[in-house]
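Contents: one structure, followed by commentary.
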Ligand code: ADP
Ligand code: MG
């Protein structure tokens, strides 16, 4: 897809439950207060990416396909969310029936066909993508230049780091068949494990990727979630809101062309880093 240079396109990848949608929604909300016209595209069969921006679950593209498809029908699944943010949810098939990434491929196809970014005046498109499944559909946002900047979300927990590494390598190998794919950096969404910042920084160093920000674990996130809102909307004065605003500012001021080709990290390398900070602990994971 040919992009206008004034559209910034960012994809956030990571395993399920790591905090992608929370980060994406707060990032979108923060960006909407920075004069950006934001569109958030949820690419996860869980279909709850934009719930905090839209006050609940919204109709997905796959659900909409039952009615056929036209530009007018597609416009009904472009939901208007918090502070003028446009929200799309690709959706997914019923569990056990068909490929989970199919909705993503179709969503992007329609966005391109109906020139959605141009017609809605989008300046910042944010793709919130599940990374658990090694499936071509989930690599779709990085194929053909849909998302120029890719960020990986992890915490300092061993399985989370391992999964980030797997996600990273599978995106790259799939996307390489369609052109180059590089990574802009790591977003650390902390779980509260000891020495978490050091662990993530050291692993990132081995992978050759910068850590963009460490987001603290905070009850404010859950409190806002209970109200069905982002932290930016519900608690704009809280220190957690400032963190998401900092992330937005960092991404906005980053050079989209400054990306990195990561080195894979092995399980034993990850274990060695973690052991260094927790020398008394053993691990149940075998290699
Ligand atoms: P994903 O989109 O990766 O599946 P979610 O964004 O839905 O993950 O987050 C999973 C849970 O983790 C949510 O209930 C959310 O409230 C919580 N969460 C995410 N980030 C934080 C944080 N920084 N502090 C506290 N809770 C968080
Ligand atoms: Mg999610």
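In my numbering, the protein residues as written are 100 to 386.
Ideal Cβ placement from N, Cα and C applies to all residues, glycine included.
Determine the direct distance from the alpha carbon of residue j to that of residue i, and round the result to whole angstroms.
i           : j           : result
residue 161 : residue 202 : 6 Å
residue 163 : residue 263 : 32 Å
residue 366 : residue 253 : 15 Å
residue 248 : residue 108 : 6 Å
residue 356 : residue 282 : 10 Å
residue 292 : residue 301 : 15 Å
residue 157 : residue 171 : 17 Å
residue 278 : residue 242 : 7 Å
residue 304 : residue 178 : 39 Å
residue 297 : residue 175 : 46 Å
residue 140 : residue 226 : 5 Å
residue 295 : residue 364 : 17 Å
With a threshold of 6 Å on Cβ separation, who are the neighbours of residue i within its own chain once the five nearest residues in sequence on each side are excluded?
i           : result
residue 287 : 299, 310, 313
residue 307 : 359, 361, 362
residue 384 : Its pLDDT being 49, under 50, residue 384 is placed unreliably in this model, and the value from its coordinates should be taken loosely. The answer is none, since no qualifying residue turns up.
residue 159 : 146, 188, 190
residue 344 : 129
residue 155 : none
residue 239 : 203, 204, 207
residue 144 : 191, 199
residue 132 : none
May I ask you to check if the CB of residue i is nearer than 7 Å to at least one heavy atom of ligand 2?
i           : result
residue 148 : yes
residue 145 : yes
residue 356 : no
residue 227 : yes
Looking only at its own chain, which residues have a Cβ that is under 8 Å from the Cβ of residue i, when we skip the five neighbours before and after it?
i           : result
residue 221 : 106, 136, 137, 138, 185, 215
residue 322 : 333, 334
Given 7 Å as the limit, tell me if residue i has its C-beta closer than that to any heavy atom belonging to ligand 3.
i           : result
residue 251 : With respect to small molecules bound, the structure shown includes ligand 1 and ligand 2 and not ligand 3.
Go through its chain and collect everything with a Cβ distance to residue i's Cβ below 7 Å, but skip five positions before and after it.
i           : result
residue 317 : 339
residue 231 : 114, 115
residue 337 : 319, 330
residue 246 : 108, 109, 110, 226, 240
Taking Cβ positions only, does residue i come closer than 8 Å to chain C?
i           : result
residue 117 : Reference to chain C is not applicable here, since this structure consists of a single protein chain.
Residues whose Cβ lies closer than 6 Å to any heavy atom of ligand 1, in chain order
With 6 Å as the limit, the residues whose C-beta approaches a heavy atom of ligand 1 more closely than that are 113, 115, 116, 117, 118, 119, 120, 121, 288, 314, 316, 317, 320, 321, 324, in chain order.
Start-end ranges of the beta strand (DSSP E) lying completely within the segment 250 to 331, minimum 3 residues:
Counting whole runs of 3 or more residues, the segment 250 to 331 contains the beta strand (DSSP E) stretches 284 to 288, 310 to 314.
Please give me, in chain order, every unbroken run of the beta strand (DSSP E) with length at least 3 that falls completely inside the segment 160 to 207.
185 to 188, all fully within the segment 160 to 207.
Of all the beta strand (DSSP E) runs that stay within the bounds of the segment 333 to 365, which reach a length of 3 or more residues?
The segment 333 to 365 contains no whole beta strand (DSSP E) run of 3 or more residues.
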